[in-house]
Structure formats: C-alpha cells, structure tokens
Amino acid sequence: GVSANPLVGWVSKEVVRNGGAANLAETDELIGAERYVLKNVKSAETARRFLGAVERFKERVGWHGHTAEDNPSGGNNFRGLYNISIKSIGAARKKDPEVRVDHVIEYAEPMRGGGFYFMDSPGNDLESVAGQVASGANMIFFTTGNGSITNFPFVPTIKVVTTTGRYDLLSKDMDVNAGAYLDGVPMDELGEEMFERTITAASGEKTVGERAGHAQVSIWRDWKQTGPDNLEKLENAAEPDGEPLPVKTGVPEVNFSFEAIKTRRGPVTDQVGLVMPTSLCSGQIARRIANRLNEQGGGFAGDKVTRFVALPHTEGCGVSAGSAEAIYSRTVLGYLANPTVRLALLLEHGCEKTHNDYFENRLAERGLDRDRFGWASVQLDGGIESVVQKVETWFSEHLKASDDLEYEGAGPGALRLGLHAAGPLPDEAARALAETTLAVVGSGGTVVVPETAAVLGSKIYLDAVLGEHPVQNTLSYGQAFEKSGFHVMESPTDHWVETATGLGATGVELMLAHVAGRPLQAHRMIPLVQASSDPETIRKHADDLDTLLDEGPNGWTEKILETVAAVASREYTPRLFEAGNTDFQFTRGLLGVSM
-11 GVSANPLVGW VSKEVVRNGG AANLAETDEL IGAERYVLKN VKSAETARRF
39 LGAVERFKER VGWHGHTAED NPSGGNNFRG LYNISIKSIG AARKKDPEVR
89 VDHVIEYAEP MRGGGFYFMD SPGNDLESVA GQVASGANMI FFTTGNGSIT
139 NFPFVPTIKV VTTTGRYDLL SKDMDVNAGA YLDGVPMDEL GEEMFERTIT
189 AASGEKTVGE RAGHAQVSIW RDWKQTGPDN LEKLENAAEP DGEPLPVKTG
239 VPEVNFSFEA IKTRRGPVTD QVGLVMPTSL CSGQIARRIA NRLNEQGGGF
289 AGDKVTRFVA LPHTEGCGVS AGSAEAIYSR TVLGYLANPT VRLALLLEHG
339 CEKTHNDYFE NRLAERGLDR DRFGWASVQL DGGIESVVQK VETWFSEHLK
389 ASDDLEYEGA GPGALRLGLH AAGPLPDEAA RALAETTLAV VGSGGTVVVP
439 ETAAVLGSKI YLDAVLGEHP VQNTLSYGQA FEKSGFHVME SPTDHWVETA
489 TGLGATGVEL MLAHVAGRPL QAHRMIPLVQ ASSDPETIRK HADDLDTLLD
539 EGPNGWTEKI LETVAAVASR EYTPRLFEAG NTDFQFTRGL LGVSM
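Numbering (the numbering used here), first residue to last: -11 to 583.
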C-alpha cells in the first residue's frame, strides 16, 4: 500500500481522466477499507451497491464457516499483513483518493463506458483477473510484493513490484519497479513512466509476461452452500477410519500377470519423476519443466524413470483455510507418496498460503523425510529461467545417483486399482467389475472406489463383492490407504476430474472405468483404462475407448484384465492419455471458498 498500489492508482486515475475505464476487484480485500473507498463516490445508490456486495460476500463466506480473516496469504503474513484490515488499507490504494467510484458491477459484468468500476470478486488474484477480462479489461495491472509471475493468456499484464530488492531478483519477470519510489523517485515521475509503458503495451509492444510465453487462468469457483443450515453437520462429520471393507471369499479364477518394476516398496506399475506445484501460479512452470525433461528423453533419464509428470492445478492460494486446506494438503502428500513416484520435487511460486515451508511441516506430521524431495521456488530462486535450471539440475543429479530400473513378474495381488463407473451400468458389466474387484482384493491387492461411482448403486456388484455388509466410506478424499483391501473414498462432488484427482492420491497406480454416454477425461499421471458395454457409446466413441465389451459377457472379465495387464506392464497407453485429453483438479469439498 506504499509503493505499487498507489502507483497503479495514479496511472488508473490518468486512464479514467483520458476517457478510459479502470476496474478494481477483490471484495474481501476491501473489508475494513470501506470508509476510504466510499469517501469519493458517484451516488448514494453506488455506495449502497458496494456495501451490499461486501455484506453479501461476508454472509456467503459465513455459510461455509469462514470469515475474511482467512484471506491473507503466506507471503502477506511474512511481510506483516497479518489481518484483513491491514491488507485492505493497502489494497484500497489502487484507487487514488481523487478518483470517484462510478459503478459497482457483478463478477464478469461488462463495463459500459469509461469511469472507475468496482467489480465483485474474491481476493483470489487469478479468479479476479479472469472476471476483469470478461468485463472488458484489455490491460491488467498486477501489483506484487513478492514478485508474482502471473500473466493472462491474451490480455497484457503489467507486473508492478513493490521493492527494488525484489525487482532486482526478478527483473526478467517484472515490468515496473515501484520500489524506486521508496528510493526517492517522485510518484509523479514514476506514474508518467508507467502510463507511457501502458500506452506502448496497448499499442502492441509485448510485456515481460507476454515475452515469457506463460499464463494462468482460473474462474471464480461456485459457492457450494446456499445457506447456513448444513454448516454444523458438515463441520462435525466423522472422518473415515481407514479400515478396508470385508469382501466375500472365493477368488475368481483369472489368468492375470504383468511385468512390474521392482522397488523397495514391492512391485509397482510405473516409476515417474514428479514436479509438484504448490499453487496455481507455479503450475505452468512445472508443466514446462516436465515437458522439457521428457523432450530430453533417455539421454537425461536413462533407465531410471519412465517419464516426467507435472500436476498443474488452481489451488494453494486465494482459498479459505479449514477443511479445504486440509483436503488440498492431504491430497498433495498422497501424490508425493504414491508408489509410482520415484523422485518428486515441490515447486512453489513463493507467496502462496501453502508454500514450501508449509509442506515441510505437513511432511513432518506425516512422518515423511523432507530430504527425500526436491525444493524450488520461482520467486526466491530468481525467476523462471533460474528455477527451471535448478529443477533440471536436481533431477539430473538424483537420477545419476539412482540405480537402473529392474523388473519382475507380478499377479493381481500387486495391483492398486482405482475403480469407477459413469452412466447406466448393465448387470453384466457390473458382474465383470465385481469379478475384477474380487480377483484383485482376494489376492492381496487393493481396489479403491469413489462413493459416487455407479458400481455402488448396482445390487449385482454389491451383492457379489460385499454381500450383506453395508457400504461406507473408508477413506477421506485424497487419503492414502495404509491397509490393502477394498476401500470406498469420500467424494464431496460429482465432478469426475476432482474425483480422479482424489483417487490418484489414495495410492492407486492405475484406474479402470466403465463408461456409458461418453468417455471420461484421463488423469495426468495415473493411467485410466476405459471400457464400455453400451452399444451407443461404442458406436460413437470406439476410438477413445480401451476395451470394447461388445461380444458375449462371459469373456468380459478376462478382456478387462487383459487391458489392465498391458497398461500395468507399460505395453499399452490408454487412448485419451496418449491423445493428451487429460486434466487434474483438487476439490475444495463442500466448505471451501475463494478468498
């Protein structure tokens, strides 16, 4: 609130004075600064609309068990912005005191004409920027104390950093050094320079972010609660106990084996190098690194890992604390500990809530040694180019010190399988999936089913697998199983990608789904085998399916297991994974909100 925000306020004032429009967002980051914002306002109705947006935000957050105090990020706390009022006083300075608030609009509502706008949105930077662009913004001013590398894909972003020291560290990724004001340069002089830079960027000269060629997008995620009625029940819901459900005895006779990779943890289906971003803003850099490592191929990895994977997502910052944060951290730890991950590195942006230090503490609580993992920071390691080099060097050194992969034969008892069914499930298909489940679990393996899977609504499947035993969740979303057997994972939403992301964190190494209607998006790391017995689905989507159950049902179990064995042996790549139709997204549960 001393350098970058007042500078942006100065330039925004000039934009409005010259007939343009300026859009101030992030409702919760103005809580505590209402008096300043409304000191200069067009009308009483405009003031009422602004205060109404603030009160509505507070109310909806309250329905989810939160307050605006959940907003400050890790970077905010580190630099003294330890409550929302202090943060809001600075955030409000993006509006110059001489500028009048002319309009109050909803998220993504079009700006019609010039003037100064307030747009209702969360404090989540990326979600607010997406709303501003949808409202018609054709230039983004992004102020940052830590040196955020944020950019939007098709609207130029001018990044304004607050201090000279941080600008020097990240000069290749920042546009404007507002810290010069703290060093003695007059604000009017800095404002004129930034205004001219804005004009040249609007005229086609690329900003630093455009030249870097990376961007992040996140749209405001929906409120799950529509009132306060369910809050107490949700907050006091019992946690699953982690104990597998007992299945019926009698293992089906199946001819199943696969070529596994030998590890200290037993036979596994894969060994990958994982770049795990700790927030949205490091996600695209993580993906860039993984792609570069894969392009370098065997000359880099040798026979040490089969591939490199990044898991970009939208979480880690700008989200409420409490259950959503617990879900997120638990799920990240599940991926770091997944049996198919040989080497993993955590890549932070640097100013998120769940930065590297945060995850060091979570690892310690889980009993995992931090030294097993690599650590890198886009901001603290000097920007994009520097951190890419650091991560590549870390993987190179650790791979050179690793033994080559060794292989061994394995049976169904070595499988860790995620099982799903989407759409109507015929009895014959349910029976084949039940036989697959019993073949794996009865041999000592593990099957994890999300609670939203259609198999759990099939009497044929449940009678064959559980008999009279009731279905109940044994694992929380993203909870790694500690005991092999048959598990049911909590699934707060019915969004398949969120469900698949939770499944991958439980420790499964391969997923199998029966689909009717259309195929499912594949997971970025865990192979997904898709089978269908539905004639219309087969007719429309045969090229996207891995197993066609289009003949007599007597051979369906063997046909499914044949494909599973080929994928587990790395001899066959599921079609949608090979086509790049993949996704990855953490759930926020039923109480997580953007802030």
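Where a beta carbon is used, it is the ideal one built from N, C-alpha and C, also for glycine.
Which first and last residues belong to the alpha helix (DSSP H) in which residue i is found?
i       : result
Arg295  : Premise fails: Arg295 lies in the beta strand (DSSP E), Arg295 to Ala298, not in any alpha helix (DSSP H).
His635  : This structure does not reach residue 635, given that the chain is present from -11 up to 583, and the question cannot be answered.
Gly492  : Trp484 to Ala493
Asn(-7) : Ala(-8) to Arg5
Met182  : Met175 to Ala190
Leu157  : Thr152 to Leu157
Val453  : Lys447 to Val453
Could you tell me the boundaries of the beta strand (DSSP E) in which residue i lies?
i      : result
Arg330 : Val329 to Glu336
Arg558 : Element bounds for Arg558: n/a, residue is neither H nor E.
Ile146 : Thr145 to Val149
His584 : Since the displayed the chain opens at -11 and closes at 583, residue 584 lies outside it and no answer follows.
Ser128 : In the sequence on display, residue 128 carries Ile and not Ser. Looking at the DSSP string, the run of the beta strand (DSSP E) that includes Ile128 is Ile128 to Thr132.
Ala278 : No beta strand (DSSP E) holds Ala278; the alpha helix (DSSP H) holding it covers Gly271 to Gln284.
Trp406 : First, the amino acid is wrong: residue 406 is Gly here, not Trp. Start and end: Arg404 to Ala410.
Gly397 : Tyr395 to Ala398
Thr434 : Thr434 to Pro438
Met107 : Gly103 to Met107
Whose C-beta lies closer than 8 Å to the C-beta of residue i among residues of the same chain, with five residues either side of it excluded?
i      : result
Leu426 : Val235, Lys236, Gly238, Val239, Pro240, Ala452 and Val453
Arg558 : Glu247, Thr257, Asp258 and Thr294
Gly370 : Leu157 and Leu158
Ser317 : Thr342, Tyr346, Phe347 and Arg350
Ala325 : Arg354, Leu356, Ala468 and Gly495
Ala274 : Val263, Met264, Pro265, Ala298, Leu299, Pro300 and Leu335
Secondary structure at residue i, three-state DSSP: helix, strand or coil?
i      : result
Glu247 : strand
Ser582 : strand
Trp363 : strand
Leu516 : strand
Ala418 : helix
Phe38  : helix
Leu596 : Nothing in the structure corresponds to residue 596, since the chain is present only between -11 and 583.
Pro541 : helix
Ala427 : helix
Thr347 : Sequence inspection shows Phe at residue 347; the Thr mentioned does not correspond to that position. Residue state, collapsed to three classes: helix.
Val260 : strand
Thr570 : strand
Thr319 : helix
Leu170 : helix
Thr55  : coil
Ala501 : strand
Leu268 : helix
Between the beta-carbon of residue i and the beta-carbon of residue j, is there less than 8 Å?
i      : j      : result
Thr15  : Ser109 : yes
Phe140 : Ala553 : no
Phe565 : Pro515 : yes
Thr195 : Pro144 : yes
Ala10  : Val4   : yes
Leu39  : Glu22  : yes
Thr150 : Asp171 : no
Arg189 : Gly322 : The question names Arg, yet the displayed sequence has Ala at residue 189. No, the pair does not count as a contact, with Cβ atoms beyond the cut-off.
Thr381 : Glu336 : no
Gly580 : Ser308 : yes
Val329 : Val260 : yes
Val263 : Phe296 : yes
Thr570 : His529 : no
Phe129 : Val49  : no
Leu463 : Pro228 : yes
Ala168 : Gly577 : no
Pro232 : Gly433 : no
Since residue i and residue j should fall inside the 8 Å C-beta cutoff, what is the C-beta to C-beta distance between them, to a whole number of angstroms?
i      : j      : result
Gly290 : Leu387 : 7 Å
Leu114 : Gly271 : Incorrect: roughly 10 Å between the Cβ atoms, too far for contact.
Val87  : Phe104 : 5 Å
Ile372 : Val366 : 7 Å
Leu533 : Ser520 : 5 Å
Met477 : Pro414 : Between Pro414 and Met477 the Cβ distance is about 24 Å, and since that is not below 8 Å, they are no contact.
Gly179 : Asp161 : Incorrect: roughly 22 Å between the Cβ atoms, too far for contact.
Cys269 : Thr138 : 6 Å
Can you name, in chain order, every residue of its own chain whose Cβ lies under 6 Å from the Cβ of residue i, other than the five neighbours on each side?
i      : result
Gly609 : There is no way to answer for residue 609, as the model of the chain reaches only from -11 to 583.
Glu597 : The requested residue 597 is not part of the displayed model; the chain covers only -11 to 583.
Ser31  : none
Trp544 : Ala420 and Leu537
Between which residues of its own chain and residue i is the CB-CB distance below 7 Å, once the five residues before and five after are set aside?
i     : result
Tyr95 : Met107, Asp108, Ser109, Gly119 and Trp208
Ala80 : Leu18, Ala21, Tyr24 and Val25
Val29 : Ala35, Arg88 and Val89
Does at least one heavy atom of the ligand FAD sit under 7 Å from the Cβ of residue i?
i      : result
Arg360 : The ligand content of the structure shown is nil, which means the ligand FAD is not present either.
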